[in-house]
Ligand SMILES: Cc1ncc(C[n+]2csc(CCOP(=O)(O)OP(=O)(O)O)c2C)c(N)n1
Ligand SMILES: Cc1ncc(C[n+]2csc(CCOP(=O)(O)OP(=O)(O)O)c2C)c(N)n1
Ligand SMILES: [Mg+2]
Ligand SMILES: [Mg+2]
């Protein structure tokens, strides 16, 4: 495909993807080094999807995410250190250490939260769009979910709901081939997400999710339509999950050749080739990557040293009426 | 449409519909006369659907139903007196008075129960089909639900599930125009049940649900295919709910002309016309109807006089381990 | 008042309170099945006409999404009133309630607030049978992050609804199904605070703690006992979380005798929490405790069997008498 | 044994018991996500190889249908083992569990039986955070129609799983998440009956009642208290419904002192039922009662905060000491 992007636009996309890659590479190493607890789901290999989509969203627009949400959060503008510190469960963390990787959120940039429940963000996205309309806001909502999530009831409920009220929602199916330890296709009947959306009256587009230019172009069209009042749209982005389901999953259930083919679809390398052909020096990209890696490594170092939250904070943010007493031992 | 049915076959269908009509006409009058408690949802006007479908099911086949399930139960062969006595909450009732209209079941004829939860029968149907296969049974499952139910998540989950495992299930959407006090179409986006089924890989057929010959013919084809191993199929039958949502709903939210048009699609009258054209004397039909009415009136009379269940029975059928003690006051 | 009901009933009183709150705050809206029709208890009657289809939103039969969309709408700054029809139908929406609504504020470190109300009428109602009679209030009391309101009277339902709508917490409002049709006087405009019991009857011999539809047999039972000379004080809790532990403790300190009357299943019902708390606090000063509620059986259909689930005034009276005798 | 695990762990022991039951009865089968992979705790490892894809069925991420299909399969005469991964993920399936499974036998007047097991590993596990740590055992104890099993040891989990599979009741098996990886000795072939507590420690001063993962701090706390001369008897309930009220009552009759240690939220947790029941039965013979459990907060992520939810051995020891002093 011939690119309609300027070099500057492509570099911005490259940067966005590079930061996600750097963040998750560092986080994965840190988690494997047992520097922090909990579950860690990385989206390495899938960076083009949030990057290409969030290029078309402003801070007023909202986003709902999944358990694999670092890329969504970064692309939407969340602070990398706040996120890293959250992985470490620190007081500095985006959620004060109460959430961890699976519940990263940054409401200040419209990132309404990762979600530990598959498809959990879909009804929330529907209501967010409805609420925004009631408030007279022109903002739209991007709703991310995986190819495994399309088999949960709320997916169809949400499609019907969004279409019924013509809500300004971009549904984004990140088809990374897997649903945990099983191939998503092995538990999915029929032609898939696009057909299901269409059956509820929602047109959609399929795109190679490792081609950020394609994602960006498709998202641009869809977001423009949605802002113009088209009602909801769905983008199906096919990608490949490079790593295991969680950081501790060695993913022995897949063949070396499959993994090799999947990793061959590296969205960063692909864009690098385009940029090289356009005469962008490889050096510039390497420098960018080094900067990003330095930023994320710094975030890791600071997070490692940061203060854990005070025990008392476990008892705040529960509820106003009937708030828990702080026990004497806390 | 030219009928391929013998007169005898048509008369059997007519009889099946007539018995449902008679049962529900009597039950509705009795409930309005406050002869028994609870909710009553009648399917008057929709008799052709269960009748045409169950003509192709044997006693080994299973059926899951809805809150509007009298027709399904009768068509599947449930005993009319047992059902009527259940409406009255009598010891003689199909469920010993513990269920009432909303929970009528007759496992002896494969009727796995009405259901007070919209779409509640769909996952059950999936598992029943799966279980039958594991047991090596050739039986199939008919799964009834309404046009309002297709907006519940379990509908899509069930479609995907049934298609995935190629289960022998006939999904039957009874599109009676309403979902309680709202038009089903007013809360449904997109082209509807057939398209949703197809999006999960399940072919379907739409049929005029007030034309019992058409229902019977379509169901015959689908059931044959299912028995031959085609995997699941969906039948969309459009009908009209003559009465209110429940017996106490006067349905003032619809216009007289709409109701008139809906009642004009009387499946019994329609078949009567066909039979008349074939030379079946109106008398024969009238006699049939009189017999049915007499049977149901007798069931009503006997139910009215029947014994309520003993208070002790409230404490049985709960569970074996940790069964409730019968309290001293019971 | 924009719209008046023919006669004032419990449903009309709460309807009026809701209408009033919707007038006060344009971010308050309603979503659920058949709400434009007026709701199955008439508790939304006339609201669609006054507030239009964008604030009184008829939804598909999609409970999970009704609940979850309510949360999403709250997260962007509106105050939805989520209509669940009856508590049983909230079961398909438990993920959205338990895993999302109750936890967003906490797990996001205070960034989010689920300012919303979930209306889930509950309790026994004339042979509604097993799938339309479930009481889950004690489950919700056990669920951190939510307020649990269980009014018995129209005035309390209206006042608690007002508090719920204005609250920054997610509030689960379990209204008494069987009482919606009762005649009721217009209620005050004042919100009723969470966590304050109402003394429904004075008495110094035995403390009876109750709430929701169980108030009926509690009051009737106390009258029976009174005829024999035993005076029960009845506390109607009105909310289960927070609950008015101090009011109960104060009364128990006077009477030394506690009888809980609840409509739900006694085993692991909220009455267990009340008795356990008082046992922990009062020690031997607590001369007798008893719980009356439903046996651990699903709710049967036949009226004669449904009676087995109901707490009768006679059983209440007997429990009051037995307590006083100890 | 068809398939062996490298070393025997809790997961291996329950896996072996399941395999054995599947060999005994060809109508027993498993359905859930990633069961062919072996389950997220390895508790199904090797079963797919032995029993094939028709009896070890990988499902879509459709919890509602996993649960409901399990019921349907039971209604036609098979005995499904329904895998829910963790208890939190059963929330989307609550309608199928609460409104259908728990009620079919009753509402159909005994025509139907839900002969099935629902496996829902629960409890705190290393910073799993709010949406992966919910404990709902007390809700299920309040739900008529189901058996609630909460084993703490591999032997009990295996024996209760055997009973659950052979039982004609629907059995909810809450296995202790954090214990799956523990080394364990092979278990006996005998099913363990529901409703019988296991004496996990002898002692005559204080009765400690516990179950599931709370057994750990209960045992450790009792050792601490023992070092100071107070001997606690520990009863591991193993099942919450039915629960071994007589064993607890007998112990309390000896000690006069009751401490409940549970992992879930104390408010309206099952400990409340135990204390309430003992208060009702024992009256003034009960010299002291206390409940230890989680505060009413969602489970936080940071290990330092998660500690606030955990009952520590020190708190148990302090409660035992305080009880003994009264
Ligand atoms: C309701 C629910 N069921 C199961 C899980 C466990 N689980 C976590 S991620 C996952 C796979 C999700 O697959 P997909 O939606 O494709 O997202 P991906 O992990 O591939 O990004 C599963 C089954 C869960 N979190 N929530
Ligand atoms: C999960 C759930 N939500 C809501 C209800 C209340 N309800 C009972 S019947 C009904 C309408 C169902 O419409 P449809 O599926 O078309 O069936 P019909 O009544 O038309 O036969 C509703 C909303 C319910 N029983 N279950
Ligand atoms: Mg995936
Ligand atoms: Mg309908």
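Residue numbers (our numbering), protein chains in the order written: chain S, 1 to 330; chain F, 1001 to 1330; chain H, 2001 to 2326; chain U, 3001 to 3326. Positions of the beta carbon are idealized from the N, C-alpha and C atoms, including for glycine.
Exercise. Kindly indicate if chain S contains any beta-carbon less than 8 Å away from that of residue 2105/H.
Key: Within the third chain, the letter at position 105 stands for residue 2105/H. Cβ-Cβ to chain S under 8 Å: yes for residue 2105/H.
Practice problem: Give, in chain order, every residue of the segment 1291-1319 of chain F whose Cβ lies closer than 8 Å to some Cβ of chain H. | Solution: 1308, 1309, 1311, 1313, 1314, 1315 and 1318
Practice problem: Inspect the beta-carbon positions of residue 2138/H and residue 3142/U and report whether they are closer than 8 Å. | Solution: What you label residue 2138/H is simply residue 138 of the third chain in a count that begins at 1. What you label residue 3142/U is simply residue 142 of the fourth chain in a count that begins at 1. It is a contact, given that the beta carbons lie within the stated cut-off.
Quiz item: Taking C-beta to C-beta, are residue 1114/F and residue 1043/F nearer than 8 Å?
Solution: Here residue 1114/F corresponds to residue number 114 of the second chain, with the count starting at 1. Here residue 1043/F corresponds to residue number 43 of the second chain, with the count starting at 1. It is not a contact, given that the beta carbons lie outside the stated cut-off.
Quiz item: Can you list, in chain order, the stretches of the alpha helix (DSSP H) that have 4 or more residues and sit fully within the segment 3149-3219 of chain U?
Solution: 3154-3166
Practice problem: Compare the beta carbon distance of residue 103/S and residue 2107/H with 8 Å and say whether it is the shorter of the two. | Solution: Within the first chain, numbered from 1, the residue matching residue 103/S stands at position 103. Within the third chain, numbered from 1, the residue matching residue 2107/H stands at position 107. Closer than 8 Å, so yes.
Quiz item: Ordered along the chain, which non-local residues of its own chain (more than five positions away) have a Cβ less than 8 Å from that of residue 324/S?
Solution: Here the question's residue 324/S lines up with position 324 in the first chain. Excluding residues within five positions, the ones whose Cβ falls inside 8 Å are 315 and 318.
Quiz item: Closer than 6 Å from C-beta to any heavy atom of ligand 3: which residues, in chain order?
Solution: 146/S, 147/S, 148/S, 176/S, 178/S, 179/S and 184/S
Quiz item: Helix, strand or coil: how does DSSP classify residue 2060/H here?
Solution: Here residue 2060/H refers to the residue found at position 60 of the third chain. Residue state, collapsed to three classes: coil.
Quiz item: Who are the Cβ neighbours of residue 165/S in its own chain at under 7 Å, not counting the five residues just before and after it?
Solution: Along the first chain, read from residue 1 onward, the residue named residue 165/S stands at position 165. So the qualifying residues of the chain are 130.
Quiz item: Any heavy atom of ligand 2 closer than 7 Å to the Cβ of residue 1020/F?
Solution: Working through the second chain from its first residue, we reach residue 1020/F at position 20. Outside the cutoff, so no.
Exercise. Under 7 Å Cβ to Cβ from residue 3301/U, same chain only, skipping five residues before and after it: list those, please.
Key: As a working mapping, residue 3301/U is identified with position 301 in the fourth chain. 3127 and 3129.
Practice problem: Return yes when at least one heavy atom of ligand 2 lies under 7 Å from the C-beta of residue 1044/F, else no. | Solution: The count along the second chain starts at 1 and reaches residue 1044/F at position 44. Residue 1044/F: no, Cβ never under 7 Å from ligand 2.
Exercise. Tell me, please, which residues DSSP counts as bridged to residue 2032/H.
Key: By 1-based counting over the third chain, the position of residue 2032/H is 32. For residue 2032/H, which the question treats as bridged, DSSP gives the partners 2058/H.
Self-check item: Contact test: residue 2092/H Cβ vs ligand 1 heavy atom, cutoff 7 Å
Solution: Reading the third chain from its first residue, position 92 is the one you call residue 2092/H. No, Cβ of residue 2092/H sits at least 7 Å from all heavy atoms of ligand 1.
Quiz item: For residue 3255/U, which residues in chain F fall below 7 Å Cβ to Cβ?
Solution: Along the fourth chain, read from residue 1 onward, the residue named residue 3255/U stands at position 255. The contacting residues do not exist; residue 3255/U stays about 26 Å from chain F at best.
Quiz item: Can you name the start and end residues of the beta strand (DSSP E) that residue 1141/F belongs to?
Solution: Here residue 1141/F refers to the residue found at position 141 when the second chain is read from its first residue. Start and end: 1141-1146.
Quiz item: Helix, strand or coil for residue 3004/U per DSSP?
Solution: Position 4 of the fourth chain, counted from the first residue, corresponds to residue 3004/U. With a pLDDT of only 47 at residue 3004/U, under 50, the local geometry of the prediction cannot be trusted, and the value read off the model is given with reservation. In this structure, residue 3004/U counts as coil in the three-state DSSP scheme.
Self-check item: residue 3209/U beta carbon near ligand 2 (any heavy atom closer than 7 Å)
Solution: If you number the fourth chain from 1, residue 3209/U lands on position 209. Residue 3209/U: no, Cβ never under 7 Å from ligand 2.
Quiz item: For residue 52/S, which option in 98/S, 236/S and 194/S has the closest C-alpha, if you only look at C-alpha atoms?
Solution: Here residue 52/S is taken as the residue at index 52 of the first chain, counted from 1. Closest by alpha carbon: 236/S.
Quiz item: Taking the DSSP output, what are the residues bridged to residue 2288/H?
Solution: Stepping through the third chain from its first residue, residue 2288/H is reached at position 288. DSSP output for residue 2288/H lists 2257/H as bridge partner(s).
Self-check item: C-alpha distance - residue 195/S paired with residue 2244/H, whole-angstrom precision
Solution: Here residue 195/S refers to the residue found at position 195 of the first chain. Here residue 2244/H refers to the residue found at position 244 of the third chain. Distance between the alpha carbons of residue 195/S and residue 2244/H: 54 Å.
Exercise. Taking only the alpha-carbon atoms, compute the straight-line gap between residue 1217/F and residue 1225/F and give it to the nearest angstrom.
Key: The residue labelled residue 1217/F in the question sits at position 217 within the second chain. The residue labelled residue 1225/F in the question sits at position 225 within the second chain. Roughly 13 Å separates the two Cα atoms.
Quiz item: Using a C-beta cutoff of 8 Å, does residue 2025/H count as contacting chain S?
Solution: Sequence index remark: in the third chain, residue 2025/H carries index 25 (1-based). It does not; no Cβ of chain S falls within 8 Å.
Quiz item: Any C-beta of chain U sitting closer than 8 Å to the C-beta of residue 327/S?
Solution: Translated into positions along the first chain, residue 327/S becomes position 327. So, interface residue.
Quiz item: Can you pull the DSSP bridge partners for residue 1178/F?
Solution: Within the second chain, numbered from 1, the residue matching residue 1178/F stands at position 178. For residue 1178/F, which the question treats as bridged, DSSP gives the partners 1183/F.
Exercise. Closer than 7 Å by C-beta to residue 3236/U: which residues in its own chain qualify, once you throw out the five before and the five after it? Chain order, please.
Key: The count along the fourth chain starts at 1 and reaches residue 3236/U at position 236. Answer for residue 3236/U: 3152, 3197, 3198, 3200, 3210, 3211 and 3215, listed in chain order.
Exercise. For residue 3264/U, collect the residues of the same chain with a Cβ closer than 7 Å to its Cβ; drop the 5 residues on either side in sequence, then sort them by chain order.
Key: For the purposes of this step, residue 3264/U is identified with residue 264 of the fourth chain, where counting begins at 1. Closer than 7 Å at the Cβ level, and outside the excluded window around residue 3264/U, lie 3135, 3137, 3138, 3293 and 3294.
Self-check item: Reduced DSSP category for residue 329/S - H, G, I as helix; E, B as strand; rest coil
Solution: As a working note, residue 329/S is residue 329 in the first chain. Note: residue 329/S maps to coil in three-state DSSP.
Quiz item: Below 8 Å, can you find three or more Cβ-Cβ pairs linking the segment 3070-3086 of chain U to the segment 3022-3041 of chain U?
Solution: yes
Quiz item: For the beta strand (DSSP E) that contains residue 207/S, what are its first and last residues?
Solution: The count along the first chain starts at 1 and reaches residue 207/S at position 207. Counting along the chain, the beta strand (DSSP E) containing residue 207/S begins and ends at 204-208.
Quiz prompt | Proximity test, residue 117/S beta-carbon vs ligand 1 heavy atom, cut-off 7 Å | solution = Looking up residue 117/S in the first chain gives position 117. Yes, since a heavy atom of ligand 1 falls inside the 7 Å radius drawn around the Cβ of residue 117/S.
Quiz item: Helix, strand or coil: which one does DSSP assign to residue 237/S?
Solution: On the first chain, position 237 is the one that residue 237/S refers to. Three-state DSSP puts residue 237/S in a strand.
Quiz prompt | Unbroken beta strand (DSSP E) run spanning residue 2045/H, endpoints | solution = Position 45 of the third chain, counted from the first residue, corresponds to residue 2045/H. It is not in any beta strand (DSSP E) - residue 2045/H carries neither H nor E in the DSSP assignment.
Self-check item: Top-ranked residue by Cα proximity to residue 3315/U, from 3303/U, 3326/U, 3260/U and 3283/U
Solution: Position 315 of the fourth chain holds residue 3315/U. Among 3303/U, 3326/U, 3260/U and 3283/U, the Cα nearest to that of residue 3315/U belongs to 3260/U.
Exercise. Determine the extent of the beta strand (DSSP E) in which residue 3080/U is found, giving its start and end residues.
Key: Indexing the fourth chain from 1 puts residue 3080/U at position 80. Here the beta strand (DSSP E) through residue 3080/U covers 3079-3083.
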